[in-house]
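Q: Okay, handing you the structure first.
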Amino acid sequence: MEDAQIVALYWQRDESAIRETEHKYDQYLLKVARNILADLEDSRESVNDTYLAAWNSMPPQKPNVLSAYLAKLTRRISIDLFRYRTRQKRQGSEYALSLSELEDCLSGGNSTEEQVDAKLLAEAIAAYLRTLPETSRRAFVGRYYFLDPLKEVAAYCGISESNAKSLLYRIRLGLKDHLTQEGYL
Amino acid sequence: MTAETLHDALTLLPEDLVAETDQARQRPRVIQWKRWAVMAACAALVLCGGRVAWDFFTPKGGTEAAVEAVLQGTDSIRMEDQESAANAAAGTYKTEEAGPESPMAQNRAPDAFAPAEDLPEEEAQMDAAAQETEAEVSTFLGKLWKDEATICFCPEGTGEPLEKYQTALLRTREALDQQLAELEGAYNLSGLNLEVYDESWFEENDLLLVRLPVSGWYPDSIIPSGNGWTLRLNADSSWEAPGEQWIFLDLNPDVIWPEDAIGLELLP
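Next up, the structure:
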C-alpha cells in the first residue's frame, strides 16, 4: 500500500492503518530501534510504542514521507527508553542516584523553552548540513540520525570505512565551527 | 551543551534530509557484494585468462586444460609431495575425488572423464599430453591452489591457502541440469532463466559455479537481472541468516563479471 493511503487510513481512524504500517515498515523500524538499543526485546517494545505514537499523532500530523516520520518517532522513543534503561542500571551508584535526585530540581527536559531551543539547534544543524556535499550529508545523517554502524555508512555512501571515518571527523569539526558562529557553543 | 542535547536536536531534523539518506540506506549494496566476491572474481579472471591463453595457443581444449597451461608457466615453489600435488591439481575436475558432502560430486562433464581408450586417436594423444601437464603442475603452488572441488589462493611463498571456495565447472547443458536438480531442494530456482545456456553455448563457453561464504542479505538483495537473478551480498556481520550460496559465473571472457553473475536464493 502507498504511504499516502496509509496516512489516509490514520486520518479516517481506521485501525487497519497500524496493520498496514507494521506490514510495510516493521523490519525497517526494528533496525532503527536496534541501532539505538542493541536489544531485540526493547527494540520490539519501542517499535510497538511507535505504532501507538503514530496512531495518536495522525491526525493532526500528515507526514509527506511516512518512513522518515516513523523513523523519527522510533528514534525518539528508543532514545528515551535507552536513557531510562541506563538510569536503571546506574541505581547502584550513590553518585548516579544523587544525579537522578538532583534532576528533580531541574526541568524535565520537555519545557517549551527547551523544545524551542532544540528546534532552533536542529535548524542550525540542518542549515550546516545543506552546505555539505550529498555524500557527506548522507554519512552524517546515517551515522548520527539512524545510528548505523560505520561499515554500513561507508557501504551506502560508496566509500571505504577509513574514508567514512575521516569524513565524519571533518564534518564534526565543521559543525562545531558552525555552532560556535551561531552562538550555541 | 551535551551530546544528548545534540541527539535531541537531530531527532528534529527536517524530513527531506532524513528521507534523502534513508533512500540511500535502502539501496542494494553493490560495494559490499564486490568486497565479498573479490576473491572469487580473481579466481574467475585467472580461469578466463587461462582459457584465452589456451584458445590462442591450441585449436582445442577445455577450461581446465587452459588453467593447466597457465599454471604450467608458474614455477615458484615446489610441492613436497609430488603425488598429492598432482592429485590436488587434477582433482578439481574429478568427480570421484569430490568429498561426500559436496553436491558437486555428480556434475562433471562426461568428456572430462572418458577413458583414454574410448577416445579417438587424436583426442587420446591430447589426453596423454594433459596427463603430462598434470604432472608438471605439481611444481605450482604460487597463486592458485586446486584441491578436489575447490579453488583458493595461496600467498606466494607461503604455500598456505587463504580462502577456499567450493567450485564446479559445468561444461555441458546436461551437467548444468544435473547441478540444478541437486540444488533445487535448498535453493529457489524458479526465477532462473538459463535458456541461453544451451548445448551450443557450451561449445564455446563453460560455466563456473562458486560457493561463496555470505554473511546474509537484505530482502531486496536478490534482484531480477537480465538473465535470472543477481545476488548482491552484504558484509553485515550482525545479520542473523549467515550461510553459503552458490553463484553461477559465466566464464565467457566477453562477459563482465561479477555484474552478470547469477546468484541463487536460499530457501527458508
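Just so you know, the sequences run in chain order A and B.
For what it's worth, the numbering used here labels the leading residue of the first sequence as 1, then goes sequentially.
For what it's worth, the numbering used here labels the leading residue of the second sequence as 1001, then goes sequentially.
Think of the CB as a built atom: it goes at the ideal place given N, C-alpha and C, for glycine as much as any other residue.
Bridge partners for A:L30 per DSSP, in chain order?
A: None, per the DSSP bridge assignment.
Q: So, at 6 Å on beta carbons, what are the nonlocal neighbours of B:E1199 in its own chain, with the 5 sequence-adjacent residues on each side left out?
A: R1173
Q: Spell out whether any CB of chain A is found under 7 Å from the CB atom of B:A1037.
A: no
Q: Kindly list the residues whose CB is nearer than 7 Å to the CB of A:P63, restricted to its own chain and excluding five residues on each side of it in sequence; keep chain order.
A: V7, Y69
Q: Examine the Cβ distances between the stretch 139 to 153 of chain A and the stretch 1017 to 1027 of chain B and report whether three or more of them are shorter than 8 Å.
A: yes
Q: To the nearest whole angstrom, what separates the beta carbons of A:A33 and A:T74, a pair I think is in contact under 8 Å?
A: 5 Å
Q: I'd like to know if A:G142 contacts chain B, where contact means its C-beta is closer than 7 Å to some C-beta of that chain.
A: So, interface residue.
Q: Against chain A, with Cβ distances strictly below 7 Å, would B:P1242 count as a contact?
A: For B:P1242, the predicted structure reports a pLDDT of 40, less than 50, and the residue's modelled location is therefore unreliable. A value from the coordinates is still provided. No, B:P1242 does not count as interfacial toward chain A.
Q: Does the beta carbon of B:T1002 come closer than 7 Å to any beta carbon on chain A?
A: no
Q: Are any of the Cβ atoms in chain A nearer than 7 Å to that of B:A1041?
A: So, not an interface residue.
Q: Got a sec: is the Cβ-Cβ distance from A:L129 to anything in chain B below 7 Å?
A: Judged by the 7 Å Cβ criterion, A:L129 is in contact with chain B.
Q: Please report the straight-line C-alpha distance between A:L179 and A:R85, rounded to a whole angstrom.
A: 30 Å
Q: Decide if B:R1078 is buried, meaning its Cβ has at least 16 other Cβ atoms within 10 Å, or exposed.
A: Caution is warranted here: a pLDDT of 31 is assigned to B:R1078, below 50, making its placement in the model unreliable, and the coordinate value is therefore given only provisionally. Residue environment for B:R1078: exposed (fewer than 16 other C-beta atoms within 10 angstroms of its C-beta).
Q: Run through chain B and tell me which residues come within less than 9 Å of A:K211, C-beta to C-beta.
A: Residue 211 of chain A falls outside the range modelled here, since chain A spans only 1 to 185, and no answer is possible.
Q: For A:S46 versus A:S78, is the C-beta distance shorter than 7 Å?
A: yes
Q: Thinking C-alpha only, which one of A:V153, A:S136, A:K151, A:D148 is nearest A:A175?
A: Just to set this straight, residue 175 of chain A is Leu in the shown sequence, not Ala. Closest option to A:L175, Cα to Cα, is A:S136.
Q: Nearest chain B C-beta to A:R138 closer than 7 Å, yes or no?
A: yes
Q: Can you tell me whether B:S1138 is buried or exposed? The criterion is at least 16 other CB atoms within 10 Å of its CB, across all chains shown.
A: Bear in mind that the predicted position of B:S1138 carries a pLDDT of just 28, short of 50, making it too unreliable to give a figure here.
Q: Within 10 Å of its beta-carbon, does A:F146 have 16 or more other beta-carbons around it, so buried, or fewer, so exposed?
A: buried
Q: Using a Cβ-Cβ cut-off of 6 Å (strictly less than) and excluding sequence neighbours within five positions of A:A124, which residues of its own chain qualify?
A: E182
Q: Report the three-state DSSP secondary structure of A:I171 (helix, strand or coil).
A: helix
Q: Closer than 7 Å by beta-carbon distance: list the chain A residues that pair up with B:A1009, in chain order.
A: In chain order: A118, L121, A122, I125.
Q: Whole angstroms are fine: how far does the CA of A:E134 sit from the CA of B:T1074?
A: Confidence at B:T1074 is low in this model, with a pLDDT of 35, below 50, so its placement is unreliable and the value that follows should be read with caution. Taking the straight line joining both Cα atoms gives about 47 Å.
Q: For A:I18, which option in A:A53, A:L40, A:P149, A:K151 has the closest C-alpha, if you only look at C-alpha atoms?
A: Of the residues A:A53, A:L40, A:P149, A:K151, the one whose Cα lies closest to the Cα of A:I18 is A:A53.
Q: In whole angstroms, what separates the C-alpha of B:D1016 from that of A:S98?
A: 41 Å
Q: CB B:D1008 to CB A:A126, shorter than 7 Å?
A: Result no, Cβ atoms of B:D1008 and A:A126 do not sit closer than 7 Å.
Q: As a quick exercise: from B:D1177, B:A1181, B:A1186, B:T1011, pick the residue whose alpha carbon is nearest that of B:E1195.
A: B:D1177
Q: Helix, strand or coil for A:R182? Go by DSSP, reduced to three states.
A: Position check: residue 182 of chain A holds Glu in this sequence, whereas Arg was assumed. Coil, per DSSP.
Q: Find out if the Cβ-Cβ distance for the pair A:L173, A:E161 is shorter than 7 Å.
A: no
Q: Helix, strand or coil: how does DSSP classify A:R13 here?
A: coil
Q: Please confirm whether A:A54 has its beta-carbon closer than 7 Å to some beta-carbon of chain B.
A: no
Q: For the alpha helix (DSSP H) that contains A:I77, what are its first and last residues?
A: Going by DSSP, A:I77 is part of the alpha helix (DSSP H) stretching over 66 to 89.
Q: Report yes or no: is there a C-beta of chain B within less than 7 Å of the C-beta of A:R19?
A: So, not an interface residue.
Q: Cα separation between B:A1235 and A:L132?
A: With a pLDDT of only 33 at B:A1235, under the threshold of 50, the placement of this residue in the model should not be trusted, and no figure is reported.
Q: What is the rounded straight-line gap between the Cα of A:D177 and the Cα of B:L1012?
A: Rounded to the nearest angstrom, the gap between the Cα atoms of A:D177 and B:L1012 is 21 Å.
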